[in-house]
Each structure stands twice: as C-alpha cells, then as structure tokens.
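Scroll down for the structure; my scribbles are underneath it.
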Amino acid sequence: IFEGDFIPAILAHPPAIFDSEGADFPRNAAVMGAAVAAWPLTLSSNISALRYVSLLVPIVLMTIIVIVVWNTPGLHAVLRASGGRLEWWDFEPRRWLQPLAIMVNAFASHMNGIPCMHELANPSVARI
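Printed below as a string of structure tokens:
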C-alpha cells in the first residue's frame, strides 16, 4: 500500500533531477505491481529470504535523500514566492495524530527489524 500511494505521485510529478514530464499511473496498478513484486519473498519459510532485498534498502534510502535534497531549495523558493511560509508545528489534533501514528509504526518496525537482523546473522530452524 505504501508503494501504491507513492509510485503514482512520483510518476505524476517526477523529481526535477530527471527533467521529464509526468505520467498518469493508477493507484490500484501500483499496489498490484508491488504485491506481485513482493509475493516471491513470501514463499520461503526461512527468514533468510530477506537477504535478497536487504541490498535495496540503502539504495532506496539514498535515492530518496538525493531527491529530497535536490528538490527542497526549488520548492521552498516557490513557497516563499507565493507568500507561503514553512510551518514547523501544527497543534490541530487531527494533523498531529496522523504523524504520531506513522512514528509509532516506524518505531515498531525498527523494533522488529533488529531481531530479524540478528536472525539473519546466524539463521537456524530453532531460532526461527
């Protein structure tokens, strides 16, 4: 679902670094494509199957960092030119609770990821 939300938006408005026009891509196709791509990883009963995607994590992370760093100055200039301002904190409860839920989910994912990392260092049936 994460990919289904971000892939269509990225394709509609590609990063300025690529200097290309956007394309319309339906969300349901992105979700189905991500599910088909992830499905083979669910077939193995051994957690060591994660080693096949572990290389993608730093690559995707670095790509996102480069895109954000590349686009931030231009987007900030457009915001200032339109009279807008960057809002660092918003006390409206609904807008505050949404990122809080994302933060809790990210924390839980890291708490599950560290034991998985240790599992991959010395995988065995008994440890799984």
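For the sequence shown, the tail end lands on 128 under the numbering used here, and the numbers increase by one without skipping.
By construction, the Cβ of each residue, glycine as well, lies at the ideal position given by its N, Cα and C atoms.
Separation of ALA35 and ASN28 (C-alpha to C-alpha, rounded to the nearest whole angstrom) is 10 Å. Inclusion of GLY22 and ALA37 in the CB contact set at 7 Å is not warranted, their separation being larger than that value. Counting along the chain, ALA81 sits inside the alpha helix (DSSP H) bounded by residues 56-81. In this model, ALA30 and PRO8 are separated by some 7 Å (Cα to Cα). Annotation for ARG27: the continuous alpha helix (DSSP H) segment containing it runs 27-38. Secondary structure at ALA9: helix, using DSSP grouped into helix, strand and coil.
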